[in-house]
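Here the structure comes first, spelled out in C-alpha cells, and everything after it is commentary.
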Amino acid sequence: DTGVSQNPRHKITKRGQNVTFRCDPISEHNRLYWYRQTLGQGPEFLTYFQNEAQLEKSRLLSDRFSAERPKGSFSTLEIQRTEQGDSAMYLCASSPQTGRHQPQHFGDGTRLSIL
Amino acid sequence: AQKITQTQPGMFVQEKEAVTLDCTYDTSDQSYGLFWYKQPSSGEMIFLIYQGSYDEQNATEGRYSLNFQKARKSANLVISASQLGDSAMYFCAMIGGTDKLIFGTGTRLQVFP
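Residue numbers (this note's numbering), protein chains in the order written: chain G, 29 to 143; chain L, 263 to 375.
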C-alpha cells in the first residue's frame with residue numbers, strides 16, 4: 029500500500045511565474061484534499077475533491093489558484109502569477125469515503141519558495 | 263465556526279516519561295471527530311489517533327491515548343514512555359459538518375535523554 033505521493037518536493041521560482049504541483053492519492057481513496065501550511069502554523073484547508081468533483085473551496089483560494097482532478101485519480105494545484113505570500117508548504121491528503129470521520133493521510137508536501 | 267486551541271508552544275519531556283499535550287476545541291456540531299497528527303522536521307503529517315464525539319471510551323493506539331472530556335471540550339494527547347523519536351510538532355485537528363480538517367497551531371515536543 030503506497031502512501032500519498034507529491035511532486036515536486038521543493039519548488040523555487042521567481043515572483044510572477046506559474047507553478048503546478050501534482051498529488052497522487054492512495055489508490056482506493058476517492059477523497060483528495062489540498063492544504064497550505066506556513067511557518068509556525070497548522071495546515072489550512074484550500075479545497076477538496078470527491079472523485080473528480082471539486083466539492084469545496086476555501087476563501088484562501090484566490091482566482092490565481094486552480095485545482096483539478098480530471099479522472100478522479102491524481103490532482104494538480106496550479107498557482108498563476110506567484111506572489112511572495114504564496115511561499116508555503118502545500119500538503120495533499122486523501123481518505124476513503126466510507127465510514128464516519130475517516131483519517132486523512134498526508135503526503136510529504138511540496139515546499140514552494142518565491143524569490 | 264470551528265476552532266482548535268493549543269496553548270503550549272513547546273514542551274520538554276525526559277525519555278521514558280509520560281507527557282500530555284493540551285487541546286481544546288469549539289464547535290456547534292453534534293457529530294465531530296478529533297485527530298492528532300505528528301509532524302517531524304522532515305515535514306510529513308503522520309496520523310496518530312482519532313476520537314469520535316459519540317465514542318464513550320477514550321481512544322488508545324499503542325503509546326498514544328486521547329483524554330477526551332466532552333463537557334470541557336478538551337482532547338488532550340497523552341504519550342507514554344516517551345522516546346527520542348517522539349521529538350516533533352504535534353497538531354490537534356477536528357472535523358465536523360464539512361469534510362475539512364481544522365488544525366491548531368501545534369506544540370513542539372522535545373524529548374531529552
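Note that beta-carbon positions come from the ideal geometry of N, C-alpha and C, so glycine has one too.
Quick caveat, the model's predicted, so the values are computed rather than measured.
Please work out which residues of its chain come closer than 6 Å, Cβ to Cβ, to residue i, disregarding the five sequence neighbours upstream and downstream, and give them in chain order.
| i | result |
| --- | --- |
| Lys152 (chain G) | Limits of chain G in this structure are 29 at one end and 143 at the other, which puts residue 152 (chain G) out of reach. |
| Lys278 (chain L) | Ala343 |
| Gly359 (chain L) | Asp291 |
| Glu106 (chain G) | Thr48 and Ser94 |
Any idea which residues DSSP pairs residue i with across the strands?
| i | result |
| --- | --- |
| Thr377 (chain L) | Residue 377 (chain L) cannot be examined here, being either before or after the span of chain L that is shown, 263 to 375. |
| Ser141 (chain G) | G:Ile40 |
| Gly54 (chain G) | Residue identity differs from the one stated: residue 54 (chain G) is Ile in this sequence, not Gly. Note: Ile54 (chain G) sits in no beta bridge, so no partner. |
| Asp288 (chain L) | L:Lys265 |
| Val373 (chain L) | L:Val275 |
| Phe353 (chain L) | L:Tyr299 |
| Thr27 (chain G) | The requested residue 27 (chain G) does not occur in the structure, where chain G is confined to residues 29 to 143. |
| Glu144 (chain G) | No answer is possible for residue 144 (chain G): the residues shown for chain G start at 29 and end at 143. |
| Gln327 (chain L) | Note on residue identity: the sequence assigns Ser, not Gln, to residue 327 (chain L). Paired residues: L:Thr322 and L:Val340. |
| Thr75 (chain G) | G:Trp62 and G:Lys85 |
| Ser122 (chain G) | G:Leu60 and G:His133 |
| Ala116 (chain G) | G:Leu140 |
Grab me the residues of residue i's own chain with a C-beta within less than 8 Å of its C-beta, minus the 5 sequence neighbours each way, in chain order.
| i | result |
| --- | --- |
| Ala321 (chain L) | Ile311, Tyr312, Gln313, Ser327, Leu328 and Phe330 |
| Ser336 (chain L) | Asp284, Cys285, Thr286, Tyr287, Asn329 and Phe330 |
| Asp317 (chain L) | Phe330 |
Starting from residue i, trace the beta strand (DSSP E) both ways and give me its first and last residue.
| i | result |
| --- | --- |
| Arg59 (chain G) | Arg59 to Gln65 |
| Val275 (chain L) | Gly272 to Gln276 |
| Gln82 (chain G) | Ala81 to Lys85 |
| Gly135 (chain G) | Careful: Gly135 (chain G) lies outside any beta strand (DSSP E) and carries neither H nor E. |
| Ser94 (chain G) | Phe93 to Glu96 |
| Gln313 (chain L) | Ile308 to Gly314 |
Classify residue i as buried or exposed, calling it buried when 16 or more other Cβ atoms lie within 10 Å of its own Cβ.
| i | result |
| --- | --- |
| Pro98 (chain G) | exposed |
| His38 (chain G) | exposed |
| Tyr118 (chain G) | buried |
| Asp114 (chain G) | buried |
| Arg43 (chain G) | exposed |
| Gln34 (chain G) | buried |
| Leu346 (chain L) | exposed |
| Pro36 (chain G) | exposed |
Tell me which residues share the same chain as residue i and place their Cβ nearer than 7 Å to its Cβ, disregarding the 5 neighbours each side in the sequence.
| i | result |
| --- | --- |
| Gln270 (chain L) | Leu283, Asp284 and Thr369 |
| Arg325 (chain L) | Ile341, Ser342 and Ala343 |
| task | For the segment 361-373 of chain L, enumerate the residues whose C-beta is nearer than 9 Å to any C-beta of chain G, in chain order. | result | Cβ proximity to chain G below 9 Å picks out Asp361, Lys362, Leu363, Ile364, Phe365, Gly366, Thr367 and Gly368 from the segment 361-373 of chain L.
| task | Name, going along the chain, the residues of the segment 128-142 of chain G whose beta-carbon falls closer than 9 Å to a beta-carbon of chain L. | result | Arg128, His129, Gln130, Pro131, Gln132, His133, Phe134, Gly135, Asp136, Gly137 and Arg139
| field | Residues of the segment 297-312 of chain L with Cβ closer than 7 Å to any Cβ of chain G, in chain order | value | Phe297, Gly305, Glu306, Met307, Phe309 and Tyr312
| field | Where the segment 67-93 of chain G meets chain L: residues whose CB sits under 7 Å from a CB there | value | Gln69, Gly70, Pro71, Phe73, Tyr76 and Glu84
| request: Can you give me, in chain order, the residues of the segment 48-61 of chain G that have a beta carbon less than 8 Å from any beta carbon in chain L? | output: Arg59 and Tyr61
| request: Taking only beta carbons into account, state which residues of the segment 95-113 of chain G come closer than 8 Å to chain L, listed in chain order. | output: none
| Under 8 Å (Cβ pairs) to chain G, residues found in the segment 345-358 of chain L | Phe353, Ala355 and Ile357
| field | chain G contacts made by the segment 324-342 of chain L, where a contact means CB separation under 7 Å | value | none
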